[in-house]
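J.:
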Amino acid sequence: EAAVTQSPRNKVAVTGGKVTLSCNQTNNHNNMYWYRQDTGHGLRLIHYSYGAGSTEKGDIPDGYKASRPSQENFSLILELATPSQTSVYFCASGDAGPLYFGAGTRLSVL
Amino acid sequence: SQLAEENSWALSVHEGESVTVNCSYKTSITALQWYRQKSGKGPAQLILIRSNEREKRNGRLRATLDTSSQSSSLSITATRCEDTAVYFCATTYAQGLTFGLGTRVSVFP
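Residue numbers (our numbering), protein chains in the order written: chain A, 25 to 134; chain B, 419 to 527.
#1: Considering only the alpha carbon of each residue, which of B:Y453, B:S430, B:L421 lies closest to B:K444?
#2: Looking at chain A, which residues of the segment 472 to 495 of chain B have a Cβ within less than 9 Å of any of its Cβ atoms?
#3: So B:R393 is in the beta strand (DSSP E); what residue range does that whole segment cover?
#4: Give me the Cα-Cα distance between B:L479 and A:G75, rounded to the nearest whole angstrom.
#5: What residue does the beta strand (DSSP E) around B:Q451 start on, and which one ends it?
#6: Using alpha carbons as the reference points, say which of B:G434, B:Q455, B:P527, B:S487 lies closest to B:C507.
#7: On the three-state DSSP scale, how would you describe A:Q109?
#8: Using a threshold of 7 Å, state whether the C-beta atoms of B:G514 and A:G126 are closer than that.
#9: Whole angstroms are fine: how far does the CA of A:G128 sit from the CA of A:Q30?
#10: What does B:G434 touch in chain A if you count any residue whose Cβ is under 8 Å from its own?
#11: Got a sec? Which residues, its chain only, sit under 8 Å from A:P107 by beta carbon, not counting five neighbours each side?
#12: To which residues of the same chain is A:N52 closer than 7 Å at the C-beta, ignoring the five residues directly before and after it?
#13: For B:L429 and A:Y113, what's the separation of their Cα atoms in angstroms?
#14: Could you work out which residue in A:H65, A:T79, A:K35, A:N34 is closest to A:N55 when comparing CA atoms only?
#15: So that I know if they touch, is there some Cβ in chain A lying closer than 7 Å to that of B:K459?
#16: How would you label B:E424, buried or exposed, when you count the other beta carbons within 10 angstroms and need 16 or more for buried?
#17: Give the DSSP bridge partners of B:S442, in chain order.
#18: Determine which residues share a DSSP beta bridge with B:E473 and list them.
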């Protein structure tokens, strides 16, 4: 069973603070993705990666960085969090087929 | 703008009835996927239908694809309360998958 684990599940951050969202997959997929989900906007792609050491910008990368230190791990970094980044964030992995999503991280920036 | 989008915000049915979610997309595709997202969970793929296929089934689910009209549908027969979820269509583009905004399907006893 494909598995994608996100941590933390919930996070409250202060404006201007640094936030790191972590994702681990045991699927041995090369590709990993970070999406955010907001009412009225659906799922939007922030960053993605083709493998360890690679990160690429998605559709809405501004204010976010990504890091892929290994095949299994993909992090999303908010260096200076803003209230507009309050959202639910999903990590996914998948190669040329279905994407397997984690359970999401609910982030509130106050 | 969305490259793929469902045609209804929300649909409600009673258990045992059938329901159909429709999707339209804007670019040529190699495949279209349908996902379901239950409350508090991440999306999960239901069906992948390739551009050379017209219909695909998975248990009570049936997906159709019409490349001439750039549309797809997902039908669920004999619905159950546990089918209550948001249903998305998704198409592949250069950077990965793009999702529609979703259709919320509510199944009532």
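Where a beta carbon is used, it is the ideal one built from N, C-alpha and C, also for glycine.
T.: The answer reads as follows:
#1: Measuring from the Cα of B:K444, the nearest candidate turns out to be B:L421.
#2: Taking 9 Å as the Cβ-Cβ cut-off against chain A, none of the residues of the segment 472 to 495 of chain B qualify.
#3: Residue 393 of chain B is absent from the structure shown; chain B starts at 419 and stops at 527.
#4: So the two alpha carbons sit approximately 34 Å from each other.
#5: Unbroken beta strand (DSSP E) run through B:Q451: 449 to 455.
#6: B:Q455
#7: helix
#8: no
#9: 6 Å
#10: By Cβ distance, chain A contributes nothing, its closest Cβ being about 29 Å from B:G434, past 8 Å.
#11: T39, V133, L134
#12: Q95
#13: Distance between the alpha carbons of B:L429 and A:Y113: 26 Å.
#14: A:T79
#15: yes
#16: Label assigned to B:E424: buried.
#17: In the DSSP output, where bridge partners are listed per residue, B:S442 has B:E423, B:S489.
#18: B:T482
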